[in-house]
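Which chain is which? The protein sequence lines are V, G and P, in order. Numbering of the first sequence is given in numbering that gives the first Met the number 0, commencing with residue 0 and proceeding in unit increments. Numbering of the second sequence is given in numbering that gives the first Met the number 0, commencing with residue 0 and proceeding in unit increments. Numbering of the third sequence is given in numbering that gives the first Met the number 0, commencing with residue 0 and proceeding in unit increments. What follows is one structure encoded as structure tokens, with my remarks underneath.
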Amino acid sequence: MAATYDAELRRAGADATSRAARFRLLLRRYPLGAAGAFILAVFVLAAVFADAITWLDPLRTNAPEKLMAPGASHWFGSDVMGRDIYSRIVHGARISLAVSLGATIIGSLLGVAIGLASGYLGGNFDLFVQRIMDILQALPLLVLALVTSAALGPSLPNTIFAIAIPMIPASARVIRANTLSLREAAYIEAAQIQGMSEWRIALRHILPNTVAPLIVLATAQLGSAILTEASLSFLGLGVPEPAPSWGRMLSESAAEYMRTAPWLVIFPGAAISLMVFGTNLLGDALRDILDPRQRG
Amino acid sequence: MNADAILEVEGLSTVFFTPSGLVRAVQDLSFTLRRGEVLAVVGESGCGKSITALSLMRLVPTPPGRIVSGTVKLEGRDLLAISEAEMRDVRGNAMSMIFQEPMTSLNPVLTIGAQIAETVRLHRRVTRAQAWDRAVEMLRLVRIPEPAQRAREYPHQLSGGMRQRAMIAIALACDPQVLIADEPTTALDVTIQAQILDLILQLQQQTGTSVLLITHDLGVVAETAQRVVVMYAGRKIEEATVEDLFEFPLHPYTHGLLGSIPHLAAISGAVAERLQEIPGMVPALSNLPPGCAFAARCDRADDRCRADVPPLVELRPDHIVACWHAGAAS
Amino acid sequence: MIPVLQVEDLKKHYPVKSGFLRRTTGQVYAVDGVSFSIAPGQTLGLVGESGCGKSTVARAVMRLVAPTSGRVLVEGTDIATLSKAELRPYRRQMQMVFQDPFSSLNPRMSAGDIVGEPLLVHGVATGAQARARVAALFAQVGLRPAQMDNFPHQFSGGQRQRISIARALALNPRLIVADEPVSALDVSIQAQVINLLMDLQRDQGLAYLFIAHDLAVVEHIAHHVAVMYLGRIVEIADKVTLFRNPVHPYTRALLSAVPVPNPKLKRKKQLLEGDVPSPMRPPPGCAFHTRCPIAVARCSVDAPVLKERDAGHLAACHLADG
């Protein structure tokens with residue numbers, strides 16, 4: 000019944016509307032998603048134009064001005080070495096975005112390659128790969144990242160890599176499941192009938208049709224990557240000093256200054272929460288928009 | 000008020016509010032289902048026939064849909080005016096419905112018998128045991144072999160035809176006055192379809208239930224119904240007895256539809272010739288033209304057709320049509 | 000004349016696996032010994048109910064599944080055992096049109112790219128040349144070449160089926176396997192597509208293997224008709240003979256079950272009892288004997304073979320002869 004009704008609706012609403020109108024409609028239907036996109040955009044702009052919107056060097060220590068409360072000279076206050084927290088947060092957005100985006104992209108790409116091969120080739124290869132993914136997924140994300148990061152040693156690329164590895168199974172599974180169902184689609188059979196190579200079918204006919212679920216998943220992973228980076232840095236295994244990292248800003252100050260200089264904790268904590276919140280809002284909206292079953 | 004009317008639909012309009020605009024799924028629809036008859040509502044996908052069925056049962060998903068006007072009188076009582084609680088008592092009791100897809104309309108985790116008994120206990124003050132007995136009796140009525148045993152089986156253990164029989168058993172368990180059958184055989188094979196149609200007709204004669212049969216298949220209409228309502232783009236465009244409609248189709252759309260289906264020449268004696276095509280396609284319901292919705296596909300259309308919606312007029316006895324040029328029909 | 004397609008004793012059995020170790024515990028006899036041939040420019044209608052194996056025949060002929068045994072001769076060459084690479088040149092000879100106009104087109108490719116892709120894959124034409132050919136194909140199937148850059152969701156079901164047909168025509172095949180090509184379409188649109196297929200056959204001498212469950216449609220389009228039941232052909236003949244003078248009780252029941260759009264025709268329907276048995280455990284003897292109105296003791300033991308009754312009219316029934 001639902002199918003008939005959907006078909007009738009689809010047919011009824013089949014006339015195309017303009018791209019701009021569609022965009023306005025999206026904003027109206029998903030205000031929270033728009034808010035999430037806005038939050039992320041603010042962070043991205045802050046990261047890109049960090050030097051233009053701050054005036055104090057995030058790395059420069061200044062003993063006389065240490066532990067100053069938020070005010071005109073230091074908007075978000077200063078830390079124990081007199082570094083400007085506002086400047087460190089803005090510059091920290093670079094680290095946070097670089098690590099989370101980098102890790103998500105690498106994790107997704109590897110996941111896509113593995114999932115596509117696993118789903119399309121099937122057989123023993125699939126069986127073998129899936130068991131490896133099972134093992135990877137059986138370990139908590141953070142623990143796995145911890146081990147990788149400890150083994151590789153702290154550096155920006157190593158942090159990205161350490162966070163990317165545990166992300167692979169999730170994308171690989173989504174892509175594999177999608178590939179399996181797409182492999183049965185009539186247009187894939189049509190491609191086989193024309194004598195296309197497996198490569199061409201996989202890259203041209205299957206991959207583009209798995210982009211939507213991948214984007215949804217990647218947004219969700221972005222949020223957890225931000226958190227993992229913060230956690231790794233908090234534990235001292237993330238991006239090394241002196242680069243400003245929100246997670247380490249927290250770890251340096253949490254125990255000692257929570258009561259005496261709460262701004263040391265509040266601002267980096269708020270930055271992390273806000274960014275994760277933004278990605279989650281956007282992710283939820285994208286899931287609704289890109290999932291055809293959700294369309295009314 | 001017609002004495003032998005069981006269900007009277009008057010001026011029914013149902014709309015959907017969608018991102019692409021207002022969709023007029025059913026517009027100003029009126030018809031009468033008489034006691035003990037099979038009335039077919041026929042049309043292609045998007046003509047509003049399924050939404051009509053849902054509107055009668057008040058099952059239109061709201062939002063985005065809404066019944067905006069009209070009355071649906073079951074034995075004189077307007078179903079659109081009663082409370083939801085009262086309506087729940089009508090559904091499955093005085094008026095019930097069977098759907099196209101028997102697998103998705105049955106709950107996979109309950110036995111067939113339990114599902115029938117549930118309906119009975121909802122509407123009748125009976126004990127569990129009595130309801131179960133009724134379930135087995137209904138399965139026997141729809142000619143499922145070994146009904147007592149089958150009642151304990153789950154939907155996936157039954158074949159497609161058996162499932163549709165089980166659906167019919169549920170629908171008829173409370174002796175409804177009206178049975179709405181929405182494409183009941185479309186998902187079935189032709190030999191199974193013949194069995195199910197035969198069953199519906201026999202039960203209808205046995206129980207006196209009136210049947211509103213919604214279908215796209217003119218062959219099924221010809222063999223099953225006494226009267227036909229033809230719908231196009233949300234409106235009724237023609238209504239007649241089944242013999243009159245097939246012999247003297249007055250609306251150009253009906254005429255085209257009859258010409259576009261291949262007849263089984265070996266049986267009907269018709270000569271196989273090139274099929275008639277209706278050019279173009281059904282207009283989008285969110286963007287209907289001002290006049291007759293069929294005008295763009297019609298070879299008789301003129302300026303008046305494109306400007307004004309033609310009214311329904313009775314051109315032959317018991318045969319009404321909405322077309323400015325129906326008189327000129329061949 | 001050499002047939003475009005000749006199928007000899009085609010079988011496709013699927014193993015049924017169950018249990019922890021995925022051991023093979025049985026076989027689904029989807030297609031169990033099917034033979035037929037199609038002459039150039041002719042249409043063979045393959046009819047039967049769901050699960051009778053007609054779609055599996057199509058898929059095995061197209062080598063979407065590898066046949067368990069039997070031969071599939073395309074202009075004299077057995078393609079049933081060819082490797083993928085060896086198969087490629089034969090792909091150009093035969094193409095397929097699918098049932099579902101929605102899932103048979105890649106939603107992320109433009110209509111023009113979909114139709115033009117076979118040209119690229121087989122290196123027939125590229126660039127402007129390919130585009131011109133696609134435009135010609137669009138016109139041929141009744142679509143406007145201006146619609147080439149539109150995406151599948153912007154077309155109606157009937158138009159999508161036209162795109163599918165254009166794609167099948169791109170390589171100038173001699174045979175098109177059409178698997179229920181009109182059953183997902185509305186009645187008035189069905190007629191458009193049937194007429195298009197018949198026009199194309201007349202103009203280009205195409206041969207069709209036309210698979211359908213709708214006997215009226217098959218009677219309209221086919222020259223020969225084969226009726227399948229549980230993986231086997233039970234009757235095959237030219238169209239007129241099969242529809243006017245069916246001898247197999249299943250063919251008769253099938254014909255009787257078709258609803259005819261003529262309310263004046265009051266005929267006694269011959270209803271079949273029960274459902275189609277599972278192809279995993281086909282009944283012994285004649286597979287139809289469990290539902291057959293005229294079955295005798297012999298039918299449940301002894302499987303009838305296809306026997307020629309008149310020239311070109313074959314039926315598999317012990318009682319049809321008498």
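Where is the CB? At the ideal position from N, CA and C, for every residue including glycine.
Closest by C-alpha distance to residue i, when choosing among the options
i	options	result
Q139/P	P117/P, D185/P and V192/P	V192/P
A176/V	I113/V, G246/V and L263/V	I113/V
H317/P	I293/P, G40/P, R266/P and A169/P	I293/P
L205/P	T76/P, H212/P, H222/P and V216/P	H222/P
I334/G	I199/G, G160/G, L314/G and H262/G	No information on residue 334/G is available, as it lies outside the stretch 0 to 329 that chain G covers here.
L202/V	Y119/V, F276/V and I134/V	Y119/V
D317/G	F293/G, G255/G, V241/G and W323/G	V241/G
R303/G	R315/G, P289/G and L314/G	P289/G
Y256/V	I167/V, G76/V, A150/V and S170/V	G76/V
Cβ distance (whole Å) where residue i is taken to contact residue j below 8 Å
i	j	result
T13/G	V59/G	6 Å
V98/V	A49/V	That pair is no contact at about 15 Å.
S154/V	L231/V	That belief does not hold up - the Cβ atoms of S154/V and L231/V are roughly 12 Å apart, past 8 Å.
Contacts of residue i in chain G (Cβ-Cβ under 7 Å)
i	result
L190/P	In the sequence under discussion, the amino acid at residue 190/P is Ala, which differs from the Leu named in the question. S259, L274, Q275 and E276, listed in chain order.
Contacts of residue i in chain G (Cβ-Cβ under 9 Å)
i	result
L271/P	T190, I191, A193 and Q194
L253/P	V189 and T190
G25/P	None at all; the shortest Cβ gap to chain G is about 18 Å.
A211/P	Result: empty, since nearest Cβ-Cβ is about 11 Å, beyond 9 Å.
Residues near residue i by beta carbon distance below 8 Å, same chain, minus five either side
i	result
T17/G	P63 and S285
F98/G	S104, M166, D181, E182 and P183
P310/G	A321
L73/G	I5, L6, V89, A93, M94, Q176 and V177
D301/P	G284, C285 and H317
P144/G	none
Classification of residue i by the beta-carbon crowding that lies within 10 angstroms, buried from 16 upward
i	result
H152/P	exposed
W54/V	exposed
E179/P	buried
S400/G	As displayed, chain G neither begins before 0 nor continues past 329, which places residue 400/G out of reach and without an answer.
F35/P	buried
L281/V	buried
G207/G	exposed
N244/P	exposed
G222/V	buried
G332/G	Outside the shown range of chain G (0 to 329) lies residue 332/G, about which nothing can therefore be said.
M274/V	buried
Same chain, Cβ closer than 6 Å to residue i, five either side skipped, listed in chain order
i	result
N61/V	G81
P146/G	V135, L138 and R139
F30/G	V8 and V228
R9/V	Because R9/V sits at a pLDDT of 43, beneath the cut-off of 50, its placement in the model cannot be relied upon, and the point is left open.
R23/G	V14, G233 and L284
I105/V	A163
T250/P	V226 and E234
T76/P	none
Proximal residues of chain P, C-beta to C-beta of residue i below 7 Å
i	result
Y186/V	S102, S103, L104 and N105
H318/G	What H318/G touches in chain P: nothing, since even the nearest Cβ is about 14 Å away.
F245/G	P260, N261 and P262
Within chain V, partners of residue i - CB distance below 7 Å
i	result
D99/P	A185
R143/P	Here the premise fails: no neighbours, minimum Cβ distance about 16 Å.
P117/P	Q193
M147/P	Residues of chain V passing the Cβ test: none, with the nearest at roughly 16 Å.
Contact set between residue i and chain V, taken where Cβ atoms lie within less than 9 Å
i	result
H121/P	Q193 and G194
Contact with chain B by residue i, beta-carbon distance below 8 Å
i	result
P212/V	No chain B is part of this structure, whose protein chains are labelled V, G and P.
Residue i CB to nearest heavy atom of the ligand FAD below 7 Å
i	result
L32/G	The ligand FAD is absent from the structure shown, which contains no ligand whatsoever.
Cβ shell of residue i (< 7 Å), same chain only, five flanking positions each side left out
i	result
M0/V	Here M0/V scores only 34 on pLDDT, less than 50, and its place in the model should not be relied on; the value that follows carries that caveat. Once the five neighbours on either side are set aside, M0/V has no close Cβ partner at all.
A170/G	S95, M96, I97 and L178
L53/G	V59
N208/V	L181
Where residue i meets chain P, residues with beta-carbon distance less than 8 Å
i	result
E222/G	P258, V259 and P262
Residue i: contacting residues in chain P (beta-carbon distance under 9 Å)
i	result
A51/V	In chain order: nothing, as chain P lies at least about 40 Å away.
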